[in-house]
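Residue numbers are given in the numbering used here: position 26 of the sequence shown equals residue 33, and the series is strictly consecutive.
From the three backbone atoms N, C-alpha and C, an ideal C-beta is built for every residue, glycine too.
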Amino acid sequence: MSKLKGGCMCGDIRFDCSDEPNVTAVCHCPDCQKLCGTAFSIVVGINSDSLVVDGEPNVFETVGQSGQAVERNFCGKCGSPLYSVVHSMPGTTFLKAGTLDDTSWLDPTIEFFCETAQPWMQKADNRVKFPLMPE
């Protein structure tokens, strides 16, 4: 895999990481649901030391399940959630997968906080699907 690159929607904040991801996951925690405005967040865990950020993200701090801080970094201009630093997992930063320039390689290997997953997510295979927005 080549270097991971990404950024916010408006382009004010860019980042890159030369390390391979430690994990790709689907997070169903209530905080990710609120933060992303949807049922879950897809995250890519990387070594924190390998993340290089160009720009100044804003930080919103919450308290995670562990009782320790979670720093949620986002663009103050466009609001894009970018990455989280979970204090109970030192050395790991979780990039929001949707902020990556190339997501073609993504295949999440684990899901966590499944007990707080939205119940209607289990019915996803029964829905009508469109390749683009229907007219």
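For residue i, which beta-bridge partners are listed by DSSP?
i, result
"L11", "C24"
"P88", "F81"
"V33", "I49, E118"
"F101", "G52, S91"
"V135", "V135 is not bridged to any residue."
"D61", "R21"
"E68", "E78"
Below 8 angstroms between beta carbons: does that hold for residue i and residue j?
i, j, result
"F22", "H35", "no"
"C85", "C24", "no"
"L89", "F101", "no"
"G13", "T106", "yes"
"P37", "G52", "no"
"S73", "S95", "yes"
"L113", "I20", "no"
"S55", "G98", "yes"
"V77", "G71", "yes"
For residue i, which three-state DSSP category applies?
i, result
"S111", "coil"
"D19", "coil"
"Q125", "coil"
Between residue i and chain D, is any beta-carbon pair separated by less than 8 angstroms?
i, result
"G44", "Absent from the structure is chain D; it holds one protein chain and no more."
Quick check on residue i: buried or exposed, where buried means 16 or more other Cβ atoms within 10 Å of its Cβ?
i, result
"V59", "exposed"
"V93", "buried"
"S91", "buried"
"C121", "exposed"
"C39", "buried"
"K103", "buried"
"V135", "exposed"
Stretch pair the segment 55-71 + the segment 116-123: three plus CB contacts closer than 8 angstroms: no
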